[in-house]
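Notes to accompany the following structure.
Protein chains: 2
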Amino acid sequence: MTSEDFKKAKAEFIAQWGTLGSSWGINRTMAQIHAFLMLAVEPRDTNTIMDELKISRGNANSNLRDLVGWGLIRRVTYPGDRKEYFEAEKDVWTMFCTIARERKRREIEPALQLLRNSSSRSANNRDPEQKHFVSQTAALSEFVETADLILNKVSRSEKSKVLPFLVKRFS
Amino acid sequence: MTSEDFKKAKAEFIAQWGTLGSSWGINRTMAQIHAFLMLAVEPRDTNTIMDELKISRGNANSNLRDLVGWGLIRRVTYPGDRKEYFEAEKDVWTMFCTIARERKRREIEPALQLLRNSSSRSANNRDPEQKHFVSQTAALSEFVETADLILNKVSRSEKSKVLPFLVKRFS
DNA sequence: CCAAACTTTCAGTAATTTCTGAAAATTCAG
DNA sequence: CTGAATTTTCAGAAATTACTGAAAGTTTGG
Numbered sequence: 179m180t181s182e183d184f185k186k187a188k189a190e191f192i193a194q195w196g197t198l199g200s201s202w203g204i205n206r207t208m209a210q211i212h213a214f215l216m217l218a219v220e221p222r223d224t225n226t227i228m229d230e231l232k233i234s235r236g237n238a239n240s241n242l243r244d245l246v247g248w249g250l251i252r253r254v255t256y257p258g259d260r261k262e263y264f265e266a267e268k269d270v271w272t273m274f275c276t277i278a279r280e281r282k283r284r285e286i287e288p289a290l291q292l293l294r295n296s297s298s299r300s301a302n303n304r305d306p307e308q309k310h311f312v313s314q315t316a317a318l319s320e321f322v323e324t325a326d327l328i329l330n331k332v333s334r335s336e337k338s339k340v341l342p343f344l345v346k347r348f349s
Numbered sequence: 179m180t181s182e183d184f185k186k187a188k189a190e191f192i193a194q195w196g197t198l199g200s201s202w203g204i205n206r207t208m209a210q211i212h213a214f215l216m217l218a219v220e221p222r223d224t225n226t227i228m229d230e231l232k233i234s235r236g237n238a239n240s241n242l243r244d245l246v247g248w249g250l251i252r253r254v255t256y257p258g259d260r261k262e263y264f265e266a267e268k269d270v271w272t273m274f275c276t277i278a279r280e281r282k283r284r285e286i287e288p289a290l291q292l293l294r295n296s297s298s299r300s301a302n303n304r305d306p307e308q309k310h311f312v313s314q315t316a317a318l319s320e321f322v323e324t325a326d327l328i329l330n331k332v333s334r335s336e337k338s339k340v341l342p343f344l345v346k347r348f349s
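Each protein sequence line maps, in turn, to chains S and U.
My numbering numbers the first residue of the first sequence as 179 and each following residue consecutively.
My numbering numbers the first residue of the second sequence as 179 and each following residue consecutively.
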């Protein structure tokens, strides 16, 4: 790979990673910054990110803040340098666990609350619609609860313990 | 639950299910129609859906088409009635498998292609950035590949075989 | 065929989300 | 303190996504 090819490949990767992000409910720029930092060997400062991705300071700042909030990147400072640098978690299993835990907190938890609340209503037995409402939401609730539990356990386990096991069982 | 309470509970559920959909990259109306049909005992026609959710014909039509495309609902017709009705798959495990397979096809597959393509480049060993690019995308690729394989197997298994097993192992 | 019943399309509009850039706030070396 | 370096905020603009409604298309009973 020549230096030119590499630049292209990297830019292409970052661009497409952004597109993929969108379809998973993550904004494009955030996914791109994440990709850029994953691929960077050293921590990068805001200006570098702005230049590289051609985005404004405000945009960079707010997406960096969000990424820190997700726990996917961290702030790095060097003594004698006032700038802040950012560094991505690079281990894929750790990344997966971080994302799993955050999505759980932000999205699965609220869903469960809604489901539990709906399914715990006492149906009027004369009304088949009411009975169906309660049983359908109960089934959903049970399923999400189980999935949540499993994801929980998996994402708190050692990669070396879980993955080989799952692979053996399911591949 | 009085009839009034029920109406409220149902409307509330549909509304919130829509909001939840958004954070998973599914448009609000589509999620709401899906919720409405999941809760309906009988198949429903387009006009009923339009009225119930206060949406236009065009909106209803295109989201219904998409839901059929996802395999989450199906068209139903009755002899001697020209209208089309729609019915949601109600079994939660089946729903899960359908969604898993579709997301795999639409989103995991393209991601994998990008990752494989990136990670198979031959790095110039003099350049640490290039080496990192290749190894990082390779690690991502391997992970997604494994996850994909597992999801594949799980979503093709009998609920009764997989779930109890996972629950036992992970809860 | 015809016409009524029903479905699909799509140009224009509305709503939502994301982004910019300049100003305000903060930090810190001297 | 002071002021230069840096980060944060946020009002308005741009871009994206979703929705409406009327017109065009399709199907089918008579």
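Each residue gets a CB set at the ideal place from its N, CA and C atoms; glycine is no exception.
Among S/A316, S/T324, S/M216, which has the Cα closest to the Cα of U/K346?
The shortest C-alpha separation from U/K346 is found at S/T324.
Taking 6 Å as the limit between beta carbons, can you name the residues of its chain near U/N351, skipping five residues before and five after?
With chain U covering 179 to 349 only, the question about residue 351 of chain U has no answer from this structure.
Name the chain S residues whose beta carbon is nearer than 8 Å to that of U/I328?
Near U/I328 (Cβ distances below 8 Å), the residues of chain S are L344, V345, F348, S349.
Among U/R294, U/C275, U/R284, U/Q308, the one whose alpha carbon lies nearest that of S/F321
Considering only alpha carbons, the answer is U/C275.
For chain U, is any of its Cβ atoms less than 8 Å away from the one on S/W248?
no
Between S/E262 and S/I251, how many whole angstroms is the CB-CB distance? I'm expecting something under 8 Å.
The distance from the Cβ of S/E262 to that of S/I251 is about 11 Å, inconsistent with a contact at the 8 Å cut-off.
Alpha carbons only, please: which of S/I204, S/N205, S/F311, S/M216 is nearest the one belonging to U/A316?
S/M216
Of all the CB atoms in chain S, is at least one closer than 8 Å to the CB of U/F274?
At a cut-off of 8 Å between C-beta atoms, U/F274 counts as an interface residue with respect to chain S.
With DSSP as the reference, label S/V246 as helix, strand or coil.
Assignment of S/V246 by DSSP, reduced to helix, strand and coil, places it in the helix class.
Taking Cβ positions, are S/R187 and U/R299 nearer each other than 8 Å?
Looking at the sequence itself, residue 187 of chain S is Ala, so the reference to Arg does not match. Contact: yes.
Note down, in chain order, all residues in the region 203-237 of chain U with a beta-carbon under 7 Å from any beta-carbon belonging to chain S.
So the close ones are G203, M216, L217, V219.
Where U/E265 meets chain S, residues with beta-carbon distance less than 7 Å:
Within 7 Å Cβ-Cβ: nothing; U/E265 doesn't reach chain S, min ~13 Å.
Go ahead and pull the three-state DSSP assignment for S/D269.
coil
Flag this pair as touching only if the region 230-240 of chain U and the region 271-289 of chain U have three or more C-beta atom pairs under 8 Å; answer yes or no.
no
Rounded to whole angstroms, what's the CA-CA distance from U/P342 to U/D326? Just pull it up for me.
Roughly 21 Å between the two C-alpha positions.
Residues bridged to S/D326 [DSSP beta-bridge criterion]:
S/D326 is not bridged to any residue.
Considering only residues of the same chain and omitting the five flanking positions on each side of U/K268, which have a CB-CB separation below 7 Å?
Closer than 7 Å at Cβ, skipping near neighbours: M216.
Coarse secondary structure for U/I227, derived from DSSP in three states:
helix
Between the alpha carbons of S/S333 and S/R279, how many angstroms are there, rounded?
7 Å
Secondary structure of U/V312, DSSP reduced to three states:
helix
Quick check: what's the CA-CA separation for S/A213 versus U/I227?
A straight-line Cα-Cα distance of about 41 Å links S/A213 and U/I227.
Inspect the beta-carbon positions of S/M179 and U/N225 and report whether they are closer than 8 Å.
no
Bridge partners for U/I251 per DSSP, in chain order?
U/A266
To the nearest angstrom, how far is the alpha carbon of S/R253 from that of U/S313?
Rounded to whole angstroms, S/R253 to U/S313 spans 24 Å at the Cα level.
Closer than 8 Å, CB to CB, is U/L341 near chain S or not?
Contacts with chain S at 8 Å (Cβ-Cβ) include U/L341.
Within chain S, the residues that U/L245 reaches when beta carbons sit closer than 9 Å
By Cβ distance, chain S contributes nothing, its closest Cβ being about 17 Å from U/L245, past 9 Å.
Do S/G203 and U/G247 count as a contact pair if the criterion is CB distance below 8 Å?
no
S/R206 - containing alpha helix (DSSP H), residue span:
206-217
Select from U/S297, U/F348, U/F184, U/D259 the residue whose C-alpha is nearest the C-alpha of U/L318.
U/S297
Excluding the 5 residues flanking U/D200 on each side, which residues of the same chain have their C-beta closer than 6 Å to its C-beta?
For the sequence presented, residue 200 of chain U should be read as Ser rather than Asp. The beta carbon of U/S200 lies closer than 6 Å to those of R206 in the same chain, with the five residues before and after it left out.
Quick check on the DSSP output: the alpha helix (DSSP H) that includes S/E336 runs from which residue to which?
Run containing S/E336: none; DSSP gives neither H nor E here.
Proximity test, Cβ basis, 8 Å: S/L290 and chain U
no
Our contact map puts S/V219 next to U/E287 with C-beta atoms below 8 Å; I'd like the distance itself, whole angstroms only.
Actually they do not touch by this definition, with Cβ atoms about 30 Å apart.
Delimiting residues of the alpha helix (DSSP H) encompassing S/K188:
181-201
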